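Worksheet for the structure shown next.
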Amino acid sequence: VVGTSSSSATWRTSAVTDHAASPSVVWADGRLVLLFHGPLSSNYLEQPTFAVWSSNGRTFAAMNDAKPVIPTEYADDASPYRTSTSYANVVWADGQLHALWQGTTGWDAQTSQGRYAPMPVGYGTSTTGRAWVKRDPVIYSPPGGQGLLAPGMSRVEGGWVVAGSLRTSDGAGGQAHSVGCY
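Following the working numbering, the numbering of the sequence shown begins with 2 at its first residue and continues without gaps.
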C-alpha cells in the first residue's frame, strides 16, 4: 500500500528512501489512519513517522502534505527524538489518538558495559492523526542498555500496558534480549 518512490506501492513518497516500515493503523474521525516510518531522502539518519488516510482501506492519500506527522528533531542535540520517531504504535482512547514510538538521540552512549544507542519510548497525542503533541518519553533506556524497541500499547482499566523488545546489559559487555512489559 505505502512505499518509496521506487516501489510498486499504490501510494509512494519521494521524501522517504530505502524503505517504508512499521505500519500501525487505527480508525479515527471516520477514516483509517495508517502510520509508517522510513529514512528521509534528505538525511538518511532521520527516521520520522508519516501518515496516510483512507475512507475505504483501498485507496490512500497523504496527510500533512506528505511531510512527517511526528517529525524528528535533528537540530536539537539534546532531544530524545533527534533521529527517530519510528515504530509508532497508535490506539484510540479517551477521545483522542495516543502514540508510542521508538525514539533515539542518534548518539552512541559509552558505558562500562559497552556502546549502545539509547532508545527512549516516545509518547504523543492527536485528535486527527495529522498534528501530534509530543510529550516527554514514558520509558527511558536503562543504564548500560539500549531500551525498549518497537513499543506497543493497550488501554486497560485504570491505565495502560506498554510492551516491546527490551535490550538491557548482560553485565559482560553485551546486550540481553527479552520482552519488557510496563
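Glycine residues also receive a C-beta, built at the ideal position from the N, C-alpha and C atoms. Since this is a predicted model, take the numbers as computed values, not measurements.
Assignment of beta-bridge partners to Gly148 by DSSP yields Met120, Arg168. Contact check for Ser42 against Thr11 fails: the beta carbons are separated by 8 Å or more.
Taking Gly130 as the centre and dropping the five residues before and after it, the same chain places the C-beta of Val27, Ala29, Asp30, Val34, Leu36, Ala52, Trp54, Met64, Val70, Val91, Leu98 closer than 8 Å to its C-beta, in chain order. Excluding residues up to 5 positions away in sequence, Pro121 lie with their Cβ nearer than 6 Å to the Cβ of Tyr141 in the same chain. Separation of the CB atoms of Val157 and Val139 is rounded to 15 Å, and the pair is thereby denied contact status at 8 Å. The C-beta of Val180 has fewer than 16 other C-beta atoms within 10 Å across all chains shown, which makes the residue exposed. Ser127 has Leu98 as its beta-bridge partners, per DSSP. In the assembly as shown, His38 is a buried residue. Its beta-carbon has 16 or more other beta-carbons within 10 Å. Taking all protein chains in view, the Cβ of Val3 is crowded by 16 or more other Cβ atoms within 10 Å, so the residue is classified as buried. Take Pro152, set aside five residues on each side of it, and the residues of its chain with a beta-carbon closer than 8 Å to its own are Tyr88, Asn90, Leu101, Trp102, Gln103, Val122, Ile140, Val163, Ala164, Gly165, in chain order. When Ala132, Pro72, Ala76, Ser9 are compared, the shortest CA-CA separation from Gln48 is found for Pro72.
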